[in-house]
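Visitor: Numbering (the working numbering), first residue to last: 25 to 128.
#1: So, with DSSP's three-state summary, where would you put residue 74?
#2: Is there a Cβ from chain D that is less than 7 Å from the Cβ of residue 117?
#3: Can you give the Cα-Cα distance for residue 42 and residue 77, rounded to whole angstroms?
#4: First and last residue of the alpha helix (DSSP H) that includes residue 119?
#5: Expressed to the nearest angstrom, what Euclidean distance is found between the alpha-carbon atoms of residue 98 and residue 91?
#6: So the candidates are 102, 58, 83; which of them puts its Cα closest to the Cα of residue 69?
#7: Between the beta-carbon of residue 119 and the beta-carbon of residue 56, is there less than 7 Å?
#8: Should residue 123 be labelled buried (16 or more other beta-carbon atoms within 10 Å of its own) or exposed?
Next comes the structure, spelled out in structure tokens:
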């Protein structure tokens with residue numbers, strides 16, 4: 025467990041720092057957020073029985089992209105089930121959990 029301590033003699037500007045985030049992390053977060061929204065919408069449509077064939081194809085493609093995303097492997101047109109994950113990207117796994125993608 026971590027604790028945050030404060031000091032009465034320090035100013036706020038000394039307590040925090042603004043650091044730039046790499047563009048790749050921003051893209052990963054955007055992809056995870058968008059995937060979560062699409063999956064949540066699809067779950068509702070599946071529950072209501074109002075999903076179209078095109079939406080099913082789109083969600084299937086999204087799920088394939090999520091596998092490549094976690095595997096940190098480029099999608100070169102190979103079958104997604106043939107992908108061998110040697111070293112999964114733990115940060116991307118964590119991001120998917122934080123964005124509730126796995127809950128969908």
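In this text, a Cβ means the ideal position worked out from N, Cα and C, and glycines have one as well.
Remember, predicted model here, so these are calculated numbers, not experimental data.
Guide: Well, looking at it:
#1: Residue state, collapsed to three classes: coil.
#2: The structure shown has no chain D; it contains just one protein chain.
#3: Our two residues, residue 42 and residue 77, have alpha carbons roughly 46 Å apart in a direct line.
#4: In the DSSP annotation of this structure, the continuous segment of the alpha helix (DSSP H) that includes residue 119 starts and ends at 114–122.
#5: Roughly 10 Å separates the two Cα atoms.
#6: The alpha carbon of residue 69 has as its nearest neighbour, out of 102, 58, 83, the alpha carbon of 83.
#7: Yes, these two residues count as a Cβ contact at 7 Å.
#8: Buried, since its Cβ has 16 or more Cβ neighbours within 10 Å.
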